[in-house]
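Worksheet for the structure shown next.
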Amino acid sequence: MTTQRTNRALAREAAGLCLTALGVLGVLVALGALHWAAALNAAMTGLIIAGRLTVPKPSAPRRAHVLRWAVCGVGYIGATACAFVLCAPIGWLYIAVAAIAAGLWLATRESEGA
Numbered sequence: 777m778t779t780q781r782t783n784r785a786l787a788r789e790a791a792g793l794c795l796t797a798l799g800v801l802g803v804l805v806a807l808g809a810l811h812w813a814a815a816l817n818a819a820m821t822g823l824i825i826a827g828r829l830t831v832p833k834p835s836a837p838r839r840a841h842v843l844r845w846a847v848c849g850v851g852y853i854g855a856t857a858c859a860f861v862l863c864a865p866i867g868w869l870y871i872a873v874a875a876i877a878a879g880l881w882l883a884t885r886e887s888e889g890a
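In the numbering used here, the protein residues as written are 777 to 890.
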C-alpha cells in the first residue's frame, strides 16, 4: 500500500526548500560583498558537497555516476582556480591534495590479476 503525503507536508517541504535556497543565495551575496573570490569559493565548495552527497543507486545508468563525478570535478577545478587567483601556494596545495587523492585511490584498488 502506498502512502500519499498530505498537502500540509508538501507545503512544508516546499517552504523549507525555498528558505534553504534563499539562505544559500544570501550567503553567496554576503560573501560576494566581502570579496568575489570568497563567494566563488563557497559556490564551488557547494558543488563539491552536492556531488558527494547525491549518490545514485548502483542500478542507475552509468551517466548518472559520471555526472556526479563531473560535478565534483568542476567544483574542485573552480576552487583550485580561485585559490590560484588569491594565493598561488594555496592553488598548488589544491593540486597536491588532488595528486594525493589520486595516488591513494590507485594504491587501494585490488589488483586485477590476482
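From the three backbone atoms N, C-alpha and C, an ideal C-beta is built for every residue, glycine too.
DSSP state of residue i, grouped into three classes?
i: Cys-863; result: coil
i: Thr-750; result: What is shown of the chain runs 777 to 890, which leaves residue 750 out entirely.
i: Arg-839; result: helix
i: Thr-821; result: helix
i: Val-831; result: coil
i: Arg-885; result: coil
Between the beta-carbon of residue i and the beta-carbon of residue j, is there less than 7 angstroms?
i: Tyr-852; j: Ile-825; result: no
i: Ala-813; j: Leu-862; result: yes
i: Thr-884; j: Tyr-870; result: no
i: Cys-848; j: Gly-822; result: no
i: Arg-815; j: Leu-804; result: Contrary to the premise, residue 815 reads as Ala rather than Arg in this sequence. In this structure, Leu-804 lies closer than 7 angstroms to Ala-815 by Cβ.
i: Pro-834; j: Ala-840; result: no
i: Ala-818; j: Leu-807; result: yes
I'd like the span of the alpha helix (DSSP H) that includes residue i, first residue to last.
i: Arg-788; result: 783-810
Which residues in the same chain have their Cβ closer than 7 angstroms to the Cβ of residue i, if we skip the five residues on either side of it in sequence?
i: Met-820; result: Gly-851, Gly-854, Ala-855, Cys-858
i: Leu-795; result: none
i: Leu-843; result: none
Check whether the Cβ of residue i lies closer than 7 angstroms to any Cβ atom in chain B.
i: Thr-830; result: The chain inventory of the structure shown lacks chain B, comprising one protein chain alone.
Note down, in chain order, each residue of its chain lying with its Cβ closer than 6 angstroms to the Cβ of residue i, except the 5 sequence neighbours on either side.
i: Ile-866; result: Ala-859
i: Val-873; result: none
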